[in-house]
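Chemist: Structure below; questions to follow.
In mature numbering (1 follows the signal peptide of the UniProt record, and there is no 0), the protein residues as written are -19 to -1, 1 to 264.
Written as structure tokens, this is what we have:
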């Protein structure tokens, strides 16, 4: 099991030939060129991607990514000492080509690796870089040994990664790459083994074959509601096969044991806090 050391990802200076990157108000380096390509990254404990959820040592963390257009997605993590780990691609996942509006989890349900919280305390940022074309990372990262799950980046710290990535994206068209970040905190406490229950106020799925619920919540959004029920299905032994978001509607297909299947549908009415969730199981 690979121990992924989590900590702080500093701002990334990502550039291209004719357009210099700029620093946002959130201290995130972004591509200044307008594009219809966007990317979102978030953790399993904060589907909004805007908060700072807390994890204890020993906790397992799962990352979610979705691009607005077909794209190759790369994930990086920087710890407080400046060490950078390339989360994706890795030894098992290879290049991550993700279809438009498809939510991809890392690691997936049947992945051969896990992300386990270890290392020192602190606030962490994960950088997602999406590109319409595959990037050449041969000068940026490498596997130290055949047993390594994750590649180690050859540079250290915020400025080093910024400069390295600015070179990596140089051959890419100005409007063909984009970045996003998510953050979380690592606490010093050791994680308790008891799993967290599905939080209120979301109605609990009763595991019946055809289940639907309509409810209102002022604390949830479409991403968080989808993630809650997707995780619930996966905890019941279902494996996520495909997910897609179109506007205010998430759909996902799951494969269960003995060829059983499940479908999840999550809709939000406009920008209101009213949601409709449907789960259909077929044995």
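All C-beta atoms, glycine included, are put in the ideal place defined by N, C-alpha and C.
1. Taking only beta-carbon positions, decide if residue 243 is within less than 7 Å of chain D.
2. Taking only three categories from DSSP, how would you classify residue 208?
3. Within the same chain, show all residues whose beta-carbon is closer than 7 Å to that of residue 215, passing over the 5 residues directly before and after it, in chain order.
4. Which residues in the same chain as residue 207 place their Cβ atom closer than 6 Å to its Cβ, once the five residues preceding and following it in sequence are excluded?
5. Quick test of your reading: residue 52 and residue 79, contact by CB under 8 Å. State the CB separation rounded to the nearest angstrom.
6. Looking only at its own chain, which residues have a Cβ that is under 6 Å from the Cβ of residue 263, when we skip the five neighbours before and after it?
7. Express the C-alpha separation of residue 46 and residue 200 in angstroms, rounding to a whole number.
8. Just the C-alpha distance for residue 205 and residue 166, rounded to the nearest angstrom, thanks.
9. Out of 121, 144, 146, which one is the CA nearest neighbour of residue 135?
10. Could you give the residue range of the beta strand (DSSP E) that holds residue 48?
11. Could you give the distance in angstroms between the alpha-carbon of residue 44 and the alpha-carbon of residue 82?
12. In whole angstroms, what separates the C-alpha of residue 196 from that of residue 210?
13. Counting only runs that start and end within the region 201 to 245, where is the alpha helix (DSSP H) found for 4 or more residues in a row?
14. At what residue ranges does the region 119 to 159 contain a whole run of the alpha helix (DSSP H), taking only runs of 4 or more?
15. Suppose the cutoff is 6 Å on Cβ atoms and the five residues either side in sequence are ignored; what does the same chain contact list for residue 26 look like?
16. Can you tell me where the beta strand (DSSP E) holding residue 257 begins and where it ends?
17. Would DSSP call residue 113 helix, strand or coil?
18. Quick one: Cα of residue -4 to Cα of residue 234, how far?
19. Please determine whether the Cβ atom of residue 208 lies at a distance below 6 Å from any heavy atom of the ligand SAM.
20. Indicate whether residue 95 and residue 41 have their beta-carbon atoms separated by less than 7 Å.
21. Does the separation of the CB atoms of residue 20 and residue 163 fall below 7 Å?
22. At the level of alpha carbons, what is the spacing between residue 24 and residue 213?
23. Can you give the beta carbon distance from residue 56 to residue 107, rounded, assuming they're within the 8 Å contact cut?
24. Which residue comes first and which comes last in the beta strand (DSSP E) that contains residue 21?
25. Closer than 6 Å by C-beta to residue 226: which residues in its own chain qualify, once you throw out the five before and the five after it? Chain order, please.
26. Here's a check: name, in chain order, each residue in its chain whose Cβ is nearer than 7 Å to the Cβ of residue 250, leaving out the five neighbours to either side.
27. With distances taken from CA atoms, which of 73, 254, 155, 191 is nearest residue 229?
Modeler: Reading it off the structure:
1. No chain D appears in the structure shown, which is made up of a single protein chain.
2. The three-state reading of DSSP puts residue 208 in helix, counting H, G and I together.
3. 90, 221
4. 231, 247
5. 6 Å
6. Within the same chain, residue 263 has close Cβ partners 242.
7. 22 Å
8. 19 Å
9. 121
10. Per DSSP, residue 48 belongs to the beta strand (DSSP E) from 44 to 48.
11. 16 Å
12. 14 Å
13. Complete alpha helix (DSSP H) runs here, min 4: 203 to 216.
14. Secondary structure in the region 119 to 159: the alpha helix (DSSP H) runs of 4 residues or longer, each lying completely within the stretch, are 138 to 149 in chain order.
15. If you ignore the 5 residues before and after residue 26, its C-beta comes within less than 6 Å of the C-beta of 34, all in its own chain and listed in chain order.
16. 255 to 263
17. coil
18. For residue -4, the pLDDT reaches just 33, beneath the cut-off of 50, and the residue's location in the model is therefore unreliable, although a value from the coordinates is still provided. So the two alpha carbons sit approximately 38 Å from each other.
19. This structure does not include the ligand SAM; it has no bound ligands of any sort.
20. yes
21. no
22. Within the model, the alpha-carbon separation for residue 24 versus residue 213 is close to 16 Å.
23. 6 Å
24. 20 to 24
25. 82
26. none
27. 254
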